[in-house]
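Asker: Heads up: the sequence shown begins at 300 in my numbering, then just goes up one per residue.
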Amino acid sequence: MAPAASIEATPLALQVRAARASGDSRRALVLYRALAQKGGAAGENAENEIGRVLRDGLHQPREAVAAWRLYRAQHPRGLLRIEADISLIETLVLMGDKTAAVAEASDFIQRHPDSERRAEIARLAGDLLRERGACADAIAAYETALRSGHGRKDVADGASFHRAVCTMRGARSEGMAALQAYLVSFPNGRFRAEAQGLLNGTDSAQANKSLRQVAK
Numbered sequence: 300m301a302p303a304a305s306i307e308a309t310p311l312a313l314q315v316r317a318a319r320a321s322g323d324s325r326r327a328l329v330l331y332r333a334l335a336q337k338g339g340a341a342g343e344n345a346e347n348e349i350g351r352v353l354r355d356g357l358h359q360p361r362e363a364v365a366a367w368r369l370y371r372a373q374h375p376r377g378l379l380r381i382e383a384d385i386s387l388i389e390t391l392v393l394m395g396d397k398t399a400a401v402a403e404a405s406d407f408i409q410r411h412p413d414s415e416r417r418a419e420i421a422r423l424a425g426d427l428l429r430e431r432g433a434c435a436d437a438i439a440a441y442e443t444a445l446r447s448g449h450g451r452k453d454v455a456d457g458a459s460f461h462r463a464v465c466t467m468r469g470a471r472s473e474g475m476a477a478l479q480a481y482l483v484s485f486p487n488g489r490f491r492a493e494a495q496g497l498l499n500g501t502d503s504a505q506a507n508k509s510l511r512q513v514a515k
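1. Suppose contacts are defined by Cβ-Cβ distances below 8 angstroms. Is I381 in contact with A400 by that definition?
2. Taking all protein chains shown into account, do 16 or more other C-beta atoms lie within 10 angstroms of the C-beta of D413, making it buried, or fewer, making it exposed?
3. Around the C-beta of V464, are 16 or more other C-beta atoms found within 10 angstroms, so that it is buried, or is it exposed?
4. Counting Cβ pairs, one atom from each stretch, are 3 or more of them under 8 angstroms apart for the stretch 439 to 447 and the stretch 472 to 479?
5. So within the stretch 301 to 349, which uninterrupted alpha helix (DSSP H) runs reach at least 4 residues, ignoring any that extend past its ends?
6. If we count the other Cβ atoms within 10 Å of its Cβ and call it buried at 16 or more, is E415 buried or exposed?
7. Buried or exposed: V483, going by 16 or more other Cβ atoms within 10 Å of its Cβ?
8. Tell me the residue span of the alpha helix (DSSP H) that contains S484.
9. Could you check if R376 is buried or exposed, using at least 16 other CB atoms within 10 Å of its CB as the buried criterion?
10. According to DSSP, simplified to helix, strand and coil, what is F407?
11. Under DSSP, the alpha helix (DSSP H) around E442 begins and ends at which residues?
12. On the premise that G356 lies in contact with A366, defined as a C-beta separation below 8 angstroms, what is that separation, rounded to the nearest angstrom?
13. With H, G and I counted as helix, E and B as strand and the rest as coil, what does DSSP make of Q495?
14. Apart from the five residues on each side of it in sequence, which residues of its chain come closer than 7 angstroms, Cβ to Cβ, to S324?
15. Near A345, what residues of its chain come up, given a Cβ to Cβ distance below 7 angstroms and the 5 sequence neighbours on each side ignored?
16. Examine chain D for any beta-carbon lying closer than 8 angstroms to the beta-carbon of V392, and answer yes or no.
17. Where does F490 fall in DSSP's three states?
18. Below 6 angstroms CB to CB, which residues in the same chain sit around R326 once its five sequence neighbours on both sides are set aside?
19. Quick one: using the 10 Å Cβ neighbour count with 16 as the cut-off for buried, is R361 buried or exposed?
20. Can G342 be considered in contact with the ligand ZN, in the sense that its beta carbon sits closer than 7 angstroms to one or more heavy atoms?
21. Are the beta-carbon atoms of A458 and G500 separated by less than 8 angstroms?
22. Taking buried to mean at least 16 other C-beta atoms within 10 Å of its own C-beta, is L391 buried or exposed?
23. Once the 5 residues before and after E307 are set aside, which same chain residues still bring their CB inside 6 angstroms of it?
See below:
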């Protein structure tokens, strides 16, 4: 009977897989760094995965952000550039660094016009801008999300409603028309009740109170 293969004789990729499966994030990190040194497509993938291990396995989001930024610096046109950009944006949001997240999301929208994730990232940028009270910029981001040919229905639902809310804050009549258009486009939409509540507001004070609530 042949002896079992030692760890040293096992390809690094298989060792990494075993480490991830067992939840040994520290060992996975060491192995990914070794893989990254080998270069090529596997090395590039390892560089990207280093960020995931740092964020999800070791709960070190700042170090993960640094890892993805290093990957981008070393591979500005890398195979996993889009994935690294999205992971970076998501992690910045997780960290509460909304200013940096908006900047990264805006750059993503410009850099990746054909990405299937463009609408999703544009909607996210709109949400972050809306939360900061930058409604004009939020509207522009939502419109980008709605124009994308790859947008999912749930993304379009949220972008359409919140674009209407932002419009209403600056131009009430236009915002009301946008809310009506939202209900036509999404009769069973996620924000149907909120839209109907805003449209049915009997006085400006009630409507403004509702507007502040749904704008959060």
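All C-beta atoms, glycine included, are put in the ideal place defined by N, C-alpha and C.
Answerer: Looking at the coordinates:
1. no
2. Exposed, by the Cβ-count rule.
3. buried
4. no
5. 311 to 321, 324 to 336
6. By the neighbour-count rule (16 or more Cβ atoms within 10 Å), E415 is not buried but exposed.
7. exposed
8. Bounds of the alpha helix (DSSP H) holding S484 are 471 to 484.
9. exposed
10. helix
11. Note, E442: alpha helix (DSSP H), 434 to 446.
12. The pair is not a contact, with the Cβ atoms about 12 angstroms apart (cut-off 8 angstroms).
13. helix
14. Cβ neighbours of S324 beyond the five flanking positions: V352, G356, L357.
15. Y331, L334, A335
16. The displayed structure is made up of one protein chain only, and chain D is not part of it.
17. coil
18. These residues qualify, in order along the chain: A318.
19. So R361 counts as exposed.
20. Ligands are entirely absent from the displayed structure, and the ligand ZN is therefore not among its contents.
21. no
22. buried
23. Because the pLDDT of E307 is 44, which lies under 50, any placement of that residue in the model is unreliable, and the question is left without a value.
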